[in-house]
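I have placed the structure first, in the form of structure tokens, so that the comments after it can refer back to it.
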Amino acid sequence: MIDRRRDELRRTYLSLGSGELVAAAVFAGVATTAVVPRLGDPDDRFALWSALIPLLVVLVQAGLYWLAARTWVCRRTMPVGLAAVYSVFRVLDPVLLVAGLVGVLIWWPSAPWAAVLVLGVWSFGVVEYVNYFVVRLAYPLGEIRKIIERRTPRLIADLRAALQ
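Note that my numbering numbers the sequence shown so that position 155 is 1451, with each residue one more than the last.
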């Protein structure tokens, strides 16, 4: 029974991890090939990358976490060294998000569509951070009402178990 549950979770974690890494690659690829060429002003490009870099960092961290979690799920706790690294990410990511927002404000995009896009990208980075380090926000559609329950993200539960 435990092996079946472990296999199911490992498949889920593989899907989540690869999904986050693919999302990061898609965001970077679309920004580089489709958005940046349409931004005439260099300040607009700086604003975009100021918003996008924190999002990419959080997505890559999340993807790597899910892939790594496949090794310990239903067997043991998160390795202490990895938990220490993610504890540092938990503190540094908000600093990176604030720095990104400062960059967005300094290099505010000249085109209204670019400003909306840049703020949307930065906001998505904040939502991703909150989802992984503060309160779980992502649920299957049938369970969306669980957001109001303010559940602890799996990453935080793993950190707490490892660092007890």
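Glycine is no exception: its CB is placed at the ideal position from the N, C-alpha and C atoms.
Keep in mind it's a predicted model, so treat the numbers as computed, not measured.
Separation of residue j from residue i, as counted between CA atoms
i        : j        : result
Val-1354 : Pro-1436 : 21 Å
Val-1400 : Lys-1442 : 33 Å
Leu-1352 : Arg-1371 : 30 Å
Pro-1390 : Gly-1438 : 30 Å
Arg-1446 : Trp-1403 : 35 Å
Ile-1452 : Ala-1327 : 30 Å
Arg-1341 : Pro-1405 : 8 Å
Ala-1253 : Asp-1339 : Residue numbering for the chain in the displayed model covers 1297 to 1460; residue 1253 lies beyond these limits and cannot be assessed.
Val-1398 : Ser-1419 : 13 Å
Ala-1457 : Tyr-1382 : 13 Å
Ala-1380 : Val-1387 : 11 Å
Assigned secondary structure, residue i (DSSP; H/G/I helix, E/B strand, else coil)
i        : result
Leu-1310 : helix
Ala-1407 : coil
Asp-1389 : helix
Leu-1477 : The structure shown does not extend to residue 1477, since the chain is modelled only from 1297 through 1460, so no value can be given for it.
Val-1354 : helix
Trp-1368 : coil
Asp-1337 : coil
Arg-1302 : helix
Tyr-1435 : coil
Leu-1360 : helix
Leu-1415 : helix
With 16 other Cβ atoms within 10 Å as the buried cut-off, status of residue i
i        : result
Arg-1432 : buried
Val-1376 : exposed
Trp-1345 : buried
Trp-1409 : exposed
Leu-1459 : exposed
Gly-1336 : exposed
Leu-1393 : buried
Beta-carbon proximity check, residue i vs residue j, cutoff 8 Å
i        : j        : result
Leu-1317 : Val-1417 : no
Met-1374 : Leu-1455 : yes
Val-1356 : Ala-1320 : yes
Trp-1362 : Tyr-1309 : yes
Residue i CB to nearest heavy atom of the ligand PLP below 7 Å
i        : result
Leu-1352 : In terms of ligand content, the structure shown is empty, and the ligand PLP therefore cannot be addressed.
Cβ-based neighbour list, residue i, same chain, cut-off 6 Å, excluding 5 preceding and 5 following
i        : result
Ala-1358 : Glu-1316 and Tyr-1428
Ala-1365 : Tyr-1309
Ala-1411 : Pro-1405
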